[in-house]
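Peer 1: There's a structure below that I have some questions on.
Numbering (the working numbering), first residue to last: 5 to 283.
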């Protein structure tokens, strides 16, 4: 697969640069310390890219989470995802990037449940946002047609949409817009957890959904880890801070799982974060 090969080549390049940097640093003089610091910071960003490729995408992409929701028997809920009509109100790059992540999760949700019209609506919304962000190569006309042609082939559809997440992230990195790429990642994760916690009227008593929520502790920790090098960005710093209460709930859950109060707290906190993004 072309995308997978590109990602592997990218990781190889990162390792090569790391080795070269370790050798050259032995010969650096004191006057090069500032340059060394800059290179170290850049390497940190490259390491983050590796972490995103290996952990955030594709383990799990939002489509994998919504597929698991489908398997729990949870019904599709009209109105739980962000209204496609809201896209016109996102005019800043930060809002566009965050909601590209949100709408990517919504696309996963509707396609998992075979909601054809909603899926096509979110396809259009995502395509509009990547065009606004100048990364239209991530959602090509061919991709749009392939989704239409393979709508009834779940395995093919999952593969197409998962690859689109990779492509979006790669296009943003190719443009040097790592911070916006991180916003897409964060928006997608937040929307996926929002849908997970709100797909049932009584989440706490659905053991499979509670387990799915619990399983996101590892990905939350990884998300916070890859966001940390970008905490000087005000938008990303706010997201890091907003997610801390959820992290604390995960850290304080008992060995036998969450209390009902903890589940409700996760629901309320993720809803507040998500609703702040989509307004």
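Think of the CB as a built atom: it goes at the ideal place given N, C-alpha and C, for glycine as much as any other residue. These numbers come from a predicted model, not from an experiment.
Nearest by alpha-carbon distance to residue 221: which of 166, 119, 265, 255 is it?
Peer 2: For residue 221, the nearest C-alpha among the options comes from 255.
Peer 1: Cα-Cα, which of 236, 71, 97 is closest to residue 159?
Peer 2: Among 236, 71, 97, the Cα nearest to that of residue 159 is on 71.
Peer 1: Please confirm if the segment 207–217 is in contact with the segment 183–192, defined as three or more CB-CB distances below 8 Å between the two stretches.
Peer 2: Contact fails: fewer than three Cβ-Cβ distances are below 8 Å.
Peer 1: How close, in whole Å, do the beta carbons of residue 244 and residue 228 come, if the pair is a contact with beta carbons under 8 Å?
Peer 2: Right, the Cβ-Cβ distance comes to about 6 Å (below 8 Å), so this counts as a contact.
Peer 1: In terms of residue numbering, what span does the alpha helix (DSSP H) encompassing residue 106 cover?
Peer 2: Note, residue 106: alpha helix (DSSP H), 97–116.
Peer 1: Could you name the residues of the same chain whose beta carbon sits closer than 8 Å to that of residue 105, not counting the 5 residues immediately before and after it, in chain order?
Peer 2: Taken in chain order, the residues that qualify are 187, 188, 189, 190, 191, 192, 193, 194, 195.
Peer 1: Below 8 Å on the Cβ atoms is my contact criterion, and I expect residue 130 with residue 111 to pass it. Report the Cβ-Cβ distance as a whole number of Å.
Peer 2: 6 Å between Cβ atoms; contact.
Peer 1: For residue 139, which residues from the same chain have a beta carbon less than 7 Å from its beta carbon, with the 5 sequence-adjacent residues on both sides left out?
Peer 2: Answer for residue 139: 172, 175, 176, 179, listed in chain order.
Peer 1: DSSP three-state call for residue 261: helix, strand or coil?
Peer 2: Of the three classes helix, strand and coil, the one that applies to residue 261 here is strand, per DSSP.
Peer 1: Going by the beta-carbon positions, is the gap between residue 73 and residue 223 smaller than 8 Å?
Peer 2: No, they are not a contact pair.
Peer 1: Between residue 107 and residue 86, is the Cβ-Cβ spacing less than 8 Å?
Peer 2: A contact, by the Cβ cut-off of 8 Å.
Peer 1: Which whole-angstrom value is the C-beta distance of residue 274 and residue 250, which I expect to be below 8 Å?
Peer 2: Confirmed, Cβ separation roughly 7 Å.
Peer 1: In chain order, what residues of the same chain lie with their CB nearer than 8 Å to the CB of residue 264, ignoring the 5 residues before and after it?
Peer 2: Here the set comprises 208.
Peer 1: Just confirm the distance between the C-beta atoms of residue 267 and residue 230, as a whole number of angstroms; I'd bet it's less than 8 Å.
Peer 2: So it is not a contact: roughly 26 Å between Cβ atoms.
Peer 1: Could you tell me if residue 258 is buried or exposed, where buried requires 16 or more neighbouring beta carbons within 10 angstroms of its beta carbon?
Peer 2: Under this definition residue 258 is an exposed residue.
Peer 1: Mapping DSSP to helix, strand and coil, what is residue 279?
Peer 2: If DSSP states are grouped into helix, strand and coil, residue 279 belongs with the helices.
Peer 1: For residue 79, does the count of other Cβ atoms within 10 angstroms reach 16, so buried, or fall short, so exposed?
Peer 2: Residue 79 is exposed by the Cβ-count criterion.
Peer 1: Taking Cβ positions, are residue 84 and residue 203 nearer each other than 8 Å?
Peer 2: In contact: residue 84 and residue 203 (Cβ atoms closer than 8 Å).
Peer 1: Closer than 7 Å by C-beta to residue 183: which residues in its own chain qualify, once you throw out the five before and the five after it? Chain order, please.
Peer 2: The answer, listed in chain order, is 234, 237, 240.
Peer 1: Enumerate, from N- to C-terminal direction, the unbroken alpha helix (DSSP H) stretches of 4 or more residues contained entirely within the segment 111–194.
Peer 2: List check, alpha helix (DSSP H) in window: 120–136, 145–153, 158–178.
Peer 1: How about residue 147 and residue 168: do their beta carbons lie closer than 8 Å?
Peer 2: It is a contact, given that the beta carbons lie within the stated cut-off.
Peer 1: Using the Cβ count rule (16 or more neighbours within 10 Å means buried), how would you classify residue 82?
Peer 2: Answer is exposed; the Cβ neighbour count stays below 16.
Peer 1: Quick one: is residue 95 buried, meaning 16 or more other Cβ sit within 10 Å of its Cβ, or exposed?
Peer 2: The residue in question, residue 95, is exposed, as its Cβ has fewer than 16 Cβ neighbours within 10 Å.
Peer 1: Starting from the C-beta of residue 128, find all residues in its chain whose C-beta is less than 8 Å away, skip the five residues before and the five after it, and write them out in chain order.
Peer 2: Same-chain partners within the cutoff: 88.
Peer 1: Of all the options 197, 100, 163, 261, which has the alpha carbon lying nearest to the alpha carbon of residue 136?
Peer 2: It is 100.
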